[in-house]
Amino acid sequence: MPLIHGLTVLLVFQLIGEVAVHELGVPIPGPVLGMLLLLVTLVVRRGAPGCLDATATGLLAHLSLLFVPAGVGIMIHTTRAGKEGLAIMLTLLLSTVLTMAVTAWTMLAMKRLSATRQRNDD
Numbered sequence: 014m015p016l017i018h019g020l021t022v023l024l025v026f027q028l029i030g031e032v033a034v035h036e037l038g039v040p041i042p043g044p045v046l047g048m049l050l051l052l053v054t055l056v057v058r059r060g061a062p063g064c065l066d067a068t069a070t071g072l073l074a075h076l077s078l079l080f081v082p083a084g085v086g087i088m089i090h091t092t093r094a095g096k097e098g099l100a101i102m103l104t105l106l107l108s109t110v111l112t113m114a115v116t117a118w119t120m121l122a123m124k125r126l127s128a129t130r131q132r133n134d135d
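Residue numbers (the working numbering): 14 to 135.
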């Protein structure tokens with residue numbers, strides 16, 4: 014039952030994001046806005062409920078399955094990938110470097126926040 018409850022929470026936040034984007038005309042995907050709203054909710058609550066934690070752990074365990082359609086797409090469009098290979102490689106390289114930089118910055122910010130909270134608790 015926790016899995017169903019956790020999936021329901023995720024889907025409700027996705028629905029809220031979709032409705033908000035549709036009503037407000039915001040130029041971002043609904044699921045992205047929904048996940049941002051979920052993040053805000055979890056920060057305000059200071060953690061995730063057990064059902065959501067269990068569901069997220071289960072989904073992350075099978076995350077690699079999401080790469081299968083991309084792999085099939087690459088196999089189908091090999092000629093196009095060959096023609097646009099340089100652009101694809103540069104995009105992959107830049108997005109990887111950007112992701113690593115943002116991840117490092119986020120980790121440093123969280124470390125500072127954690128240290129500040131720890132000092133305030135002492």
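Virtual Cβ for every residue (Gly too), placed ideally from N, Cα, C.
None of the values given here were measured: they were computed from a predicted structure.
Its chain contains Phe26, Gln27, Ile29, Gly30 as the residues whose beta carbon lies nearer than 6 Å to that of Gly47, once the 5 sequence neighbours on both sides are disregarded; these appear in chain order.
Contact check for Gly63 and Pro15: beta-carbon distance about 7 Å, within the 8 Å limit, so the pair qualifies. Apart from the 5 residues on each side of it in sequence, Ala61 sits with its Cβ closer than 8 Å to the Cβ of Leu55, Ala69 in its chain, given in chain order. Met14 sits in coil when the DSSP states are folded into three classes, being neither helix nor strand. By the CB criterion at 8 Å, Gly19 and Leu76 fall outside the cutoff. In the three-state DSSP reduction, Asp135 falls in the coil class, being neither helix nor strand.
Under the DSSP assignment, Val39 falls outside any alpha helix (DSSP H); it carries neither an H nor an E label. Inter-residue distance for Thr116 and Arg125 is about 14 Å (C-alpha atoms, whole angstroms).
Rounded to the nearest angstrom, the gap between the Cα atoms of Lys96 and Thr21 is 43 Å. Residue environment analysis places Leu51 among the buried positions, since at least 16 neighbouring C-beta atoms fall within 10 angstroms of its C-beta.
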